[in-house]
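Just so it is clear: in the sequence shown, position 178 is 178 by this note's numbering, and no numbers are missing.
Every residue gets a Cβ at the ideal spot worked out from N, C-alpha and C, and that includes glycine.
Computed from a prediction, not measured in an experiment: that's the story for all the values here.
Input: a single structure, listed below in structure tokens.
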Amino acid sequence: MNEHSFIFAVPMRIRDENKERNIRDKALQMIVKEGLNGFSMHKLAKAAGVSPATIYIYFKDKEDLVLHLVREAGEKMVDITLKDFLPSMSFSEGLRVQWINRMKYCMKYPDQMHFLEQLRHSPYSETLMDMMGEKFKNTMGDFVSNAIKRNELIKVPLEVYWSIAFAPLYNLVKFHMTGKSLGNKKFVLTDKIINETFELVLKALKP
């Protein structure tokens, strides 16, 4: 190479963890607020204060970004839900641990909670279940099966079981988050309300 030759160096785009975190957070908030149909990379770039090209440093396209969010939220939910929980626990003890863990998750990560709820009624519902993994599904399944074998739980369809076992909890958490219940009445979730509701759930599900 002689003295008149030139080397043209193409600057590398450096990944910035803080910038990527901001993009993920803004995307999650936007989907929760506007839904998957109202979400676009252009809107996201504006909300995150970056150019659309910057987003593509971290994610191939819109679907890739959504899948990253699904994986992150799903894994976090599973980790928190299964903390200190064993499928061999008695039904009342295990369900109480489930309530405590699920309530902690909802309170600490409200945007992720609403995000996952939206996905359950979207084309990503099967993807969400796949990403939650066999461990979660098997652990929950074994817990229910063990409780039925010990005659601690009545045998009902899965949809009925979930509606009785967990829907009351999630409804109370939502009331608490908005600070309002039915009829726009002020509402604060207390230990007394949780315990009363939990006992009613046990009464409904036990033989």
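Item	Value
To which residues of the same chain is Gly94 closer than 6 Å at the C-beta, ignoring the five residues directly before and after it?	Phe143
Mapping the DSSP letters down to three states, classify Lys186 as helix, strand or coil.	strand
Within 10 Å of its beta-carbon, does Trp162 have 16 or more other beta-carbons around it, so buried, or fewer, so exposed?	exposed
Note down the Cα distance separating Pro123 from Asp64, rounded to an integer number of angstroms.	14 Å
So, are the CB atoms of Ile28 and Val70 less than 8 Å apart?	Per the sequence presented here, residue 28 reads as Leu, with Ile not at that position. Not closer than 8 Å, so no.
Output the boundary residues of the alpha helix (DSSP H) element that contains Asp142.	125-149
For the alpha helix (DSSP H) holding Asp79, just list the boundary residues, first then last.	62-81
My output table needs one value for Lys180: the three-state DSSP class, helix, strand or coil.	strand
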